[in-house]
Amino acid sequence: AKGDPAKAQQIVTTVCVACHAADGNSVVPANPKLAGQIPEYIAKQLTDFKSGARKNPIMFGMAAALSPEDMKNLGAFFGEKKAASGSAKDPALAAAGQKLFKGGNQSSGVPACAACHGPSGSGIPAQFPRLAGQHADYILAQLTTFRSGERANDGAKMMRVIASKMTDQEMKAVSEYISGL
Ligand code: HEM
Ligand code: HEM
Numbered sequence: 712a713k714g715d716p717a718k719a720q721q722i723v724t725t726v727c728v729a730c731h732a733a734d735g736n737s738v739v740p741a742n743p744k745l746a747g748q749i750p751e752y753i754a755k756q757l758t759d760f761k762s763g764a765r766k767n768p769i770m771f772g773m774a775a776a777l778s779p780e781d782m783k784n785l786g787a788f789f790g791e792k793k794a795a796s797g798s799a800k801d802p803a804l805a806a807a808g809q810k811l812f813k814g815g816n817q818s819s820g821v822p823a824c825a826a827c828h829g830p831s832g833s834g835i836p837a838q839f840p841r842l843a844g845q846h847a848d849y850i851l852a853q854l855t856t857f858r859s860g861e862r863a864n865d866g867a868k869m870m871r872v873i874a875s876k877m878t879d880q881e882m883k884a885v886s887e888y889i890s891g892l
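Per our numbering, the very first residue in the sequence shown carries number 712; after that it's consecutive.
See below:
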């Protein structure tokens, strides 16, 4: 069954609001935007934070108190919020990132991000998260933890392979591009 956003309202306004903003459009670069995110992806990440499969000390504490039903409701709540449009700060870097996002890097075997995250980065239900407009700092941090193996929940398998083939410069460029989508 689908989650009920109304049932998540109280948790959001007492807990999540502090870091992710009431409408999911966090302005803090390390705190991911949740607005417009794929609901099933949100619920799955919360499950993984709670079990410790995705390691993060802050979100481990937050997810500990949530039931599977809360997680579904929270996914529905943030999923239906309108994502604020992003803005890239460095157009030249973003242009290099666009090339990788749309076409990948054939010589090193990095696939096009668009294949799984959608041509405009808005994600593909239920498995592939929205990236569009996300903070560049957060995207870069996730790519780094995929590559180091620190983000090792089951859903991260594909991303670990992909990130292992990416250079630092490619990570920076694609993060910049994504932040402006
Ligand atoms: C990450 C949900 C409360 C800080 C996340 C993610 C979700 C989430 C789904 C993963 C996003 C993604 O993969 O794109 C929630 C919900 C909350 C809540 C539903 C309320 C119940 C908080 C609070 C804080 C916080 C209160 C700050 C004290 C963070 C940070 C990350 C994160 C720093 C990034 C973790 C990382 O780098 O891997 N949150 N959150 N969250 N959240 Fe929360
Ligand atoms: C997650 C970036 C290509 C499948 C993510 C995340 C980032 C990312 C930053 C984490 C999102 C978040 O925490 O909110 C990229 C980039 C790509 C790329 C820059 C191109 C270089 C792909 C491709 C696939 C894919 C080609 C499919 C074969 C996934 C999946 C997740 C994910 C399944 C969710 C991981 C989980 O459940 O923990 N990607 N991606 N990505 N990506 Fe990609």
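From the three backbone atoms N, C-alpha and C, an ideal C-beta is built for every residue, glycine too.
Bear in mind that the values here come from a model prediction, so they are computed numbers and not experimental data.
Rounded to whole angstroms, what is the Cα-Cα separation between residue 779 and residue 797? Cα to Cα, residue 779 sits roughly 31 angstroms from residue 797.
Name the two residues that bound the continuous alpha helix (DSSP H) containing residue 745. Here residue 745 belongs to no alpha helix (DSSP H), and DSSP marks it neither H nor E.
When you compare only the Cα positions, how much space is there between residue 846 and residue 747? Rounded to the nearest angstrom, the two C-alpha atoms are 14 angstroms apart.
Looking at residue 843 and residue 859, is the spacing between their C-beta atoms short of 7 angstroms? At a Cβ-Cβ threshold of 7 angstroms, residue 859 and residue 843 do not count as neighbours.
Closer than 6 angstroms to a non-hydrogen atom of ligand 3 - does that hold for the CB of residue 834? Ligand 3 is absent from the structure shown, which contains only ligand 1 and ligand 2.
Alpha carbon to alpha carbon, how far is residue 812 from residue 712? Give it in angstroms, no decimals. If I take the Cα positions, the gap works out to 33 angstroms.
With H, G and I counted as helix, E and B as strand and the rest as coil, what does DSSP make of residue 816? Three-state DSSP puts residue 816 in a strand.
Residue 881 and residue 805 closer than 7 angstroms at C-beta: Taking 7 angstroms as the Cβ cut-off, residue 881 and residue 805 do not qualify as a contacting pair.
Could you tell me if residue 721 is buried or exposed, where buried requires 16 or more neighbouring beta carbons within 10 angstroms of its beta carbon? Its Cβ having fewer than 16 others within 10 Å, residue 721 is exposed.
Go ahead and pull the three-state DSSP assignment for residue 821. Note: residue 821 maps to strand in three-state DSSP.
What are the boundary residues of the alpha helix (DSSP H) that includes residue 873? For residue 873, the enclosing alpha helix (DSSP H) covers residues 868-875.
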